[in-house]
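A.B. asks: Read top to bottom, the protein sequences are chains A and B.
Going by the working numbering, the first sequence opens with residue 3, and the numbers climb by one from there.
Going by the working numbering, the second sequence opens with residue 28, and the numbers climb by one from there.
Note that CB positions come from ideal geometry on N, CA and C, so glycine has one too.
Every value quoted in this text rests on a predicted model; they were computed, and no experiment measured them.
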Amino acid sequence: MTKFSTPVPSLNQLPVCHQNTKSISGLLRQCWRWCCQVALVQPSLVSYLEPLIRLVLPNFRAQWSHARVVDIQQQAGFIHLTLRPGRRWRGFIPGQHVQLMLEINGRAISRIFSISSSLQLFQQQGLIRLTIQQQSKGLMTSHLMQWLKPAVDAGTPSSVPVHLSAATGSFVLQQQQPLLLLAAGSGITPIHAMLSSVTRLTQPVLLIYSFRGAEQMLFAESWRELQSRFPLLQIQFVDTNLRQRLQPGDVETWCKSQPQCQMYLCGPSRFSLDWQNKLLALGVDASAIQQESFGLAAVPFLVAAAAGAEKPESFPIEIRQSTQVRNISSTQGSLLSSLEAAGFNPSYGCRRGICMQCLCQKNQGLVRNLLTGEISDVGPGMIQLCISQPLSAVELSLPSS
Amino acid sequence: MNERINSLQQLAMADSVANHSHADADISSSQSGEPFPANSAATVHTGHSIQEIAASNVRQQTGRFSEAQASALAADLDALASATRDEVGSADSRYLLKIVQLQRVAAISGRLLMVAGFWSAWWWGLGVLFLALAKILDNMEIGHNVLHGQYDFMNHPYLNSRTFEWDIACDAKSWQRTHNYEHHTYTNIIGKDRDFGYGLLRLSDDFRWRLQNSWQILTYFLLSTLFQWGVSYHEMAAERVFFGRKKADRVSQISDAQLKKAFFGKGGRQLLKDYLLFPLLSGPMFFPVLAGNFLANLLRNWWTSTIIFCGHFTSQVHVFTPDVCVNESRGHWYYRQMLGSANFTGPRWFHILSGHLSCQIEHHLFPDLPAYRYLQLAPQVAAIAKKHGIAYHSGSFVRQYLSVLQRILRFSLPGHDRQVASNM
């Protein structure tokens with residue numbers, strides 16, 4: 003019996019397994035890709051043709067879908083961005099996130115945001131909404147407000163092209179159990195997408211939503227409407243300006259009364275981690291907890307640095323290598339020496355910033371270029387390990403050795 | 028031939044100590060036009076006749092470039108780089124896009140025109156030229172520069188130095204190791220920069236003369252004809268994968284098996300593409316298309332090798348002894364890059380087809396700045412060179428190329444002086 007139901011996304015991107023050589027279509031696909039790579043010396047036919055397609059469709063990008071900006075609204079530190087994704091975009095499951103990409107001064111700047119609107123909005127009107135917390139020094143949000151907002155207001159939103167990646171993420175509802183949803187700040191966005199996509203609810207759901215100050219509360223109208231529609235949905239608002247933060251005691255009775263409950267945590271990384279530990283301490287099974295965290299450790303540091311705080315000696319570095327993830331802390335000097343001190347063996351050459359042999363994908367975090375003093379963008383980008391010094395927590399992807 | 032160098036180094040160091048008194052003033056005279064300017068360095072007491080010294084012109088250059096001079100030079104060049112880096116942005120990415128578009132149009136139309144050779148051989152000839160143009164653009168202005176990481180600022184999914192692959196027999200990663208690392212870090216250091224003579228040509232008296240050097244002008248033409256395979260085999264030669272004994276002091280981060288896989292994998296795919304896949308796709312035009320592809324590859328080989336030889340093998344450029352890179356400061360590195368490279372002039376299209384390697388000096392000073400900026404940087408770099416009394420080697424393409432041929436011929440014959448590399 004389905005306890006609640008959400009519409010099934012029609013165009014949802016199913017995980018396509020290119021390595022699947024058993025099926026004939028998989029084999030043919032692999033063969034086609036190989037032929038393209040041999041004939042064109044490029045990763046795919048579409049990436050080979052992209053520059054030419056751009057002569058006709060300037061907003062075409064091989065690995066992104068173009069999206070039209072329909073509306074942009076500002077609400078106390080948040081931006082609501084309503085987009086109409088192009089036909090190449092393949093839909094989403096509520097709770098998933100997308101990468102939003104803007105080309106700022108020739109640079110592709112991308113950030114990950116959860117989709118905050120319902121699946122119905124996409125299915126009926128072809129729209130999705132992203133709810134973005136404004137960062138005081140954020141490159142992306144300031145660009146949105148500075149360039150995109152005036153363009154939208156003037157009725158020429160296409161003058162600032164916006165691109166989307168396919169929706170990804172496994173932070174989605176499983177349609178079986180009662181739910182406990184804990185959200186803090188903009189962590190409410192995927193949960194709003196989940197709940198507002200629900201069409202029938204037959205099991206109790208408790209949502210506890212923490213925010214700082216009443217004006218920071220998102221989707222106020224939507225919550226009222228959902229509560230009137232679904233008697234089984236309980237929502238508790240925690241305004242941390244008025245009362246103390248949420249404590250384990252607040253959810254203990256719920257956990258006891260609903261032993262089959264699935265927990266969903268979404269908020270800044272510290273919130274999600276804290277609550278994961280607290281729930282485990284309450285005796286909740288780890289497999290019942292789903293969590294999604296966001297927010298960069300970088301931003302608090304930038305703010306602290308602006309306030310003249312002293313730079314910490316060492317930052318956590320998360321290293322992803324094929325399927326493994328390892329955490330180390332940075333030492334004095336470059337990231338290359340930190341990695342080597344921790345036993346990694348990244349490739350390198352000149353060790354003085356000339357040869358690009360140690361070039362590495364940074365997924366997030368701030369680094370300073372020791373040669374030029376340049377400070378990187380917080381989002382994804384390429385860095386040279388030998389001349390990069392971390393200024394925040396950093397996440398790197400190393401090629402598998 | 029590199030094995031012989033160690034003993035020569037000993038000699039080199041002993042001799043160069045005696046030669047430190049070369050005046051910096053001599054340096055600027057070397058740019059005055061003559062390929063082999065007779066100059067006052069000849070007055071230094073080394074016991075050789077003026078002709079000999081003038082001929083092995085590398086000798087004239089380097090007096091000691093002091094650490095203070097070097098840091099002043101570094102400050103000027105760093106300031107220039109940083110000002111240019113601030114300007115880098117959408118203009119550069121638009122430029123790269125335009126060049127890639129041009130490359131795609133040339134490649135597609137070239138391959139189609141060759142098939143149209145079915146109706147008229149003129150179409151076929153035009154197709155060959157277009158395909159050669161596409162390959163030259165792909166290798167020089169796109170591949171070389173993208174693989175240097177010049178356009179990494181764009182965060183582009185495939186026009187970046189980590190994932191780009193080019194239409195040449197050489198595997199991009201292998202080329203990055205030998206070119207970006209060895210050649211750009213140890214530019215023109217005898218025994219460390221294998222690009223200096225490619226282990227085939229004797230371009231300075233620091234190398235022992237051997238019989239095969241007497242016909243090295245023919246070796247050069249052969250290398251030029253097979254250039255893409257030379258580039259592709261370059262790293263394997265350095266690692267002594269098939270021939271020779273491993274060098275004890277060589278640190279390699281990659282195994283011979285990986286090298287072989289990359290060499291045969293990439294080379295095989297290229298052969299498959301040009302000599303089987305596209306000819307098969309052209310049906311009855313199989314053989315004309317095969318021949319056309321061969322010709323296009325040949326034209327590209329000649330063009331790229333000619334351009335590349337003009338960058339470091341003109342008679343003006345300096346070579347260095349291996350001790351210069353021990354604890355080398357940034358200023359001295361800059362200094363070495365300026366003396367070790369040569370520019371040539373020409374119309375705009377010529378610069379584009381050379382991948383802006385016509386601005387070899389700017390490229391060697393700032394290998395990670397977009398090549399699109401080099402022409403704009405050139406006069407400023409020349410001014411800085413003048414200010415610091417450093418030679419700025421430049422000349423017309425024809426003059427530079429003749430001077431390369433002259434150098435190849437000159438060092439075909441044994442020299443009396445076995446040590447000419449400067450040790451700064």
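1) Closest by CA to Cys337(B), which one among Ala318(B), Met312(B), Phe371(B), Pro349(B)?
2) Express the C-alpha separation of Phe191(B) and Leu368(A) in angstroms, rounding to a whole number.
3) Within 9 angstroms of any Cβ in chain A, is that where the Cβ of Lys300(B) sits?
4) So Asp379(A) and Leu141(A) are supposed to be a Cβ contact under 8 angstroms. How far apart are they, rounded?
5) With a 10 Å radius around its C-beta and 16 neighbouring C-beta atoms as the bar for buried, classify Gln126(A) as buried or exposed.
6) In angstroms, rounded to a whole number, what distance separates the CA positions of Gly292(B) and Ile26(A)?
7) By alpha-carbon positions, which one of His68(A), Ala168(A), Ser188(A) ends up nearest to Tyr211(A)?
8) When burial is assigned at 16 or more other CB atoms within 10 Å of the CB, is Val278(B) buried or exposed?
9) Within 9 angstroms (strictly less), CB to CB, does Leu304(B) reach chain A?
10) With DSSP run on the structure shown, which of helix, strand or coil describes Phe347(B)?
11) With a cut-off of 9 angstroms, does the C-beta of Pro311(B) fall near any C-beta of chain A?
12) As an exercise, report each continuous alpha helix (DSSP H) stretch of at least 4 residues that is fully enclosed by the segment 326 to 402 of chain B, in chain order.
13) Quick one: what does DSSP say Cys388(A) is sitting in, helix, strand or coil?
14) Starting from Glu223(A), trace the alpha helix (DSSP H) both ways and give me its first and last residue.
15) Nearest-angstrom Cα distance between Ser231(B) and Ala134(B)?
16) At the 9 angstroms Cβ level, is Ser49(A) part of the contact set with chain B, yes or no?
17) Taking the alpha-carbon of Ile435(B) as reference, which of Tyr178(B), Gly154(B), Gly224(B) has the nearest alpha-carbon?
18) Give the residues from the segment 83 to 116 of chain A that approach chain B closer than 8 angstroms (Cβ to any Cβ), ordered along the chain.
19) Starting from Cys352(A), find everything on chain B with Cβ-Cβ shorter than 7 angstroms and list it in chain order.
20) Since Leu124(B) meets chain A, which of its residues come closer than 9 angstroms, beta carbon to beta carbon?
21) State the DSSP-derived secondary structure class of Glu376(A), mapped to helix, strand or coil.
22) Of all the CB atoms in chain B, is at least one closer than 9 angstroms to the CB of Ala300(A)?
23) Rounding to the nearest angstrom, what Cα-Cα distance links Gly116(B) and Cys362(A) in this structure?
24) Within its chain, find whatever has a CB closer than 6 angstroms to the CB of Ser439(B); leave out the 5 residues flanking it on each side and keep chain order.
25) What residues in its chain sit with their C-beta under 8 angstroms from that of Arg112(B), if we drop five residues either side in the sequence?
26) Just the Cα atoms here: how many angstroms apart are Asp198(B) and Asn328(B)?
27) If you follow the alpha helix (DSSP H) that Gln77(A) is part of, which residue opens it and which one closes it?
28) Classify Leu104(A): buried if its beta carbon has 16 or more other beta carbons within 10 angstroms, exposed otherwise.
29) For Gly381(A), count neighbouring Cβ atoms within 10 angstroms of its own Cβ and tell me buried if that reaches 16, exposed if not.
30) Assuming Phe377(B) and Ser368(B) are in contact, meaning their beta carbons sit under 8 angstroms apart, how far apart are those beta carbons, in whole angstroms?
31) Once DSSP output is grouped into helix, strand and coil, what is the label at Gly442(B)?
32) Within 10 Å of its beta-carbon, does Ala82(B) have 16 or more other beta-carbons around it, so buried, or fewer, so exposed?
33) Listing by chain order, which chain E residues have their CB less than 7 angstroms from the CB of Glu192(B)?
34) Do the segment 80 to 99 of chain A and the segment 89 to 101 of chain B meet, that is, are 3 or more Cβ pairs less than 8 angstroms apart?
35) Rounded to the nearest angstrom, how far is the Cβ of Val207(A) from that of Leu234(A), given a contact under 8 angstroms?
36) Pull out every residue of the segment 142 to 156 of chain A whose Cβ sits closer than 9 angstroms to any Cβ of chain B, in chain order.
C.D. replies: The structure says:
1) Phe371(B)
2) 25 angstroms
3) Yes - at least one Cβ of chain A is within 9 angstroms of the one on Lys300(B).
4) 6 angstroms
5) Gln126(A) comes out exposed.
6) Roughly 25 angstroms separates the two Cα atoms.
7) Ser188(A)
8) By the 10 Å Cβ count, Val278(B) comes out exposed.
9) yes
10) Phe347(B) carries a strand assignment under DSSP once its states are collapsed to helix, strand and coil.
11) no
12) 357 to 366, 375 to 380, 387 to 392
13) helix
14) Unbroken alpha helix (DSSP H) run through Glu223(A): 222 to 231.
15) Just so you know, the alpha carbons of Ser231(B) and Ala134(B) end up roughly 39 angstroms apart.
16) Between Ser49(A) and chain B, the shortest Cβ-Cβ separation is below 9 angstroms.
17) Gly224(B)
18) Glu105, Asn107, Gly108, Arg109, Ala110, Ile111, Ser112
19) Per Cβ cutoff of 7 angstroms: Tyr208, Thr212.
20) For Leu124(B), the chain A residues whose C-beta falls within less than 9 angstroms of its own C-beta are Pro53, Arg56, listed in chain order.
21) DSSP, read as helix, strand or coil, puts Glu376(A) in coil.
22) The predicted model places Ala300(A) with a pLDDT of 39, which falls under 50 and marks its position as unreliable; any figure quoted below should be read in that light. Closer than 9 angstroms: no.
23) Their backbone Cα atoms lie some 21 angstroms apart in a straight line.
24) Taken in chain order, the residues that qualify are Asn240, Ser241, Gln243.
25) Leu396
26) 16 angstroms
27) Note, Gln77(A): premise wrong, no alpha helix (DSSP H); beta strand (DSSP E) at 67 to 77.
28) buried
29) buried
30) Actually they do not touch by this definition, with Cβ atoms about 18 angstroms apart.
31) Three-state result, Gly442(B): coil.
32) In this prediction, Ala82(B) scores a pLDDT of 33, lower than 50, which makes its location untrustworthy; no coordinate-derived value is stated.
33) No chain E appears in this structure, whose protein chains are A and B.
34) Because the criterion of three Cβ pairs below 8 angstroms is not met, the segment 80 to 99 of chain A and the segment 89 to 101 of chain B do not touch.
35) The Cβ separation is near 6 angstroms, so the contact holds.
36) none
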